[in-house]
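Residue 92 in numbering that gives the first Met the number 0 sits at position 93 of the sequence shown, with consecutive numbering throughout.
We put the beta carbon where it would ideally sit given N, CA and C, even for glycine.
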Amino acid sequence: MDKSNFNYEHLLAVWHNSVQCLLCGRRNIEYHHIKGRGRKHFRALHSSLFNCAPLCRDCHSWGAKNQYEIISYFIRKAFEKVNEATIKGSYEINKNDKAFLQHYHLAPNGK
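This is how it looks when you write it as C-alpha cells:
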C-alpha cells in the first residue's frame, strides 16, 4: 500500500458520499493530491486530507489544476471541509495532517 493513499473512512467523514468535482460539479470523482504524493520520505504526510481535492477524471487530467490560483482554491476548500468535519466531530486532525501543514507552512502560527 502506498503511504500517500487517502484513508477511505476519513474521506467519507470529510467529503461524504455525495461529493462533487470542485471544478465542474460532476459526481464521478477521483481524489486528487493537491501538493502531490510526496517523495520517498514524505509520502505518509501527503495522505493528509488537507491535501485532498475531489475532481472528475477530465478535471484531474487538466494541466491547469496545477496553477497557483487553482491550488490555492483547492487548499481553501480542503481546509473548509476538514474544519467542518472536525467541528461536527466526524473527523479528528491526525499527525499526518499536522505534518503536512507544517511541511507546507500552512499551519497557523507554525503549529
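- Here DSSP, grouped into helix, strand and coil, assigns Cys23 to coil.
- Of the residues Asn50, Gln66 and Ser3, the one whose Cα lies closest to the Cα of Gln101 is Asn50.
- The three-state secondary structure of Tyr7, taken from DSSP, is helix.
- Burial state of Ile33 is buried, judged by a 10 Å Cβ sphere holding 16 or more other Cβ atoms.
- Here Asn95 has Ala43, Leu44, Ser46 and Ser47 as same chain residues with Cβ atoms under 7 angstroms from its own Cβ, once five neighbours each way along the sequence are excluded.
- By the 16-neighbour rule on beta-carbons within 10 angstroms, Tyr90 is buried.
- Taking C-alpha positions only, Glu29 is separated from Ala106 by approximately 26 angstroms.
- Three or more pairs of CB atoms, one per stretch, sit closer than 8 angstroms, so the segment 73–92 contacts the segment 2–12.
- For Asn16, the closest C-alpha among the options Leu22, Asn27 and Cys23 is that of Asn27.
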